[in-house]
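Notes to accompany the following structure.
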Amino acid sequence: MPQHQLNGPSLPPRSGDRARQLVVLLHGYGANGADLIDLGRIWSSSLPDAAFVAPDAPEPLPFDGFGGRQWFALAERDIREYRLGVETAGPVLQDFISEQLSELGLEAADLVIAGFSQGAMMALFTGLTRSDPPAGILAYSGAFAGPKTVTAIAVPPVAMIHGAEDDVVSSNYLEAANVQLQALGVDVKTYLLEGLGHSIDQRGLTIGARFLQDRFGG
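Per the numbering used here: the sequence shown = residues 198 to 415.
Structural data, given as structure tokens:
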């Protein structure tokens, strides 16, 4: 895949001071950064010193005239395709995250990577393959598509939230991820939300806010 310069909406800290934390928000297939930046507006009330950024995925969605993007193409929608996709798209996202940290004068310990659906797959892969691991990884309605091993000295904690009625990314991926991540030595907490489809509801937002506050020492 050709290298791309990622761009997307961002929010400065609500406090008006310099950023002390960074939350990177990764959107799902067919969406764009604008689809997820509102999470930053919601969470900023409990994280006033955090900056939020929601990059647009590098590839335009084929045959779409509405600005939809993809981190990687989907055809089979199976774990092998997901794994190849995150491995291919990973480097450009890693570079973007490193640039954002540098611009804000922050360290990896000040970073949480969050994502929804395809973006959750990217968050898990990226967070677990960084040489300077983030403070945490927050994954909504996603799947664990790698890495197969975790070599970082400090393995970031993971929270995964999934709707029990999800008909886009099956909730079966949640339990599979739980088993696989624990086998890699990851401290993972999973939340299966009854009555929820492929979406984020108030329950998921509350879980996410608590996770962020905990990881940032709030």
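In this text, a Cβ means the ideal position worked out from N, Cα and C, and glycines have one as well. All values reported here derive from a predicted model rather than from experimental measurement.
Would a check of beta-carbon distances place residue i closer than 8 Å to chain D?
i, result
"Ser328", "Absence of chain D from the displayed structure is noted, only one protein chain being present."
What's the gap between the Cα of residue i and the Cα of residue j?
i, j, result
"Met198", "Trp268", "The pLDDT assigned to Met198 is 38, lower than 50, so where the model puts this residue is not dependable; a value taken from the coordinates is nonetheless given after this. Approximately 11 Å, taken between the alpha carbons."
"Glu256", "Val289", "11 Å"
"Leu381", "Leu321", "13 Å"
"Leu402", "Leu335", "11 Å"
"Asn229", "Val309", "19 Å"
"Pro259", "Ala351", "38 Å"
Any idea if residue i is buried or exposed, counting beta-carbon neighbours within 10 angstroms, 16 or more meaning buried?
i, result
"Ala272", "exposed"
"Asn204", "exposed"
"Ala248", "buried"
"Ser368", "buried"
"Phe293", "buried"
"Phe413", "buried"
Could you check how far apart the C-beta atoms of residue i and residue j are, in whole angstroms? I think they sit under 8 Å.
i, j, result
"Phe313", "Ile397", "7 Å"
"Trp240", "Leu390", "Trp240 to Leu390, Cβ: 18 Å. No contact."
What residue from the options has the CA that sits closest to residue i's CA?
i, options, result
"Asp329", "Phe260, Leu258 and Val347", "Val347"
"Ile404", "Pro206, Lys386 and Leu325", "Lys386"
"Phe263", "Arg274, Asp232, Asp275 and Thr285", "Asp232"
"Pro209", "Asp235, Val355 and Gln399", "Asp235"
"Gly316", "Arg407, Leu219 and Gly227", "Gly227"
Kindly provide the ranges of any alpha helix (DSSP H) runs that are 4 or more residues long and lie completely inside the region 216 to 250, ordered along the chain.
-> 234 to 240
Give, in chain order, every unbroken run of the beta strand (DSSP E) that is at least 3 residues long and sits entirely within the region 297 to 362.
-> 308 to 313, 333 to 337 and 355 to 360
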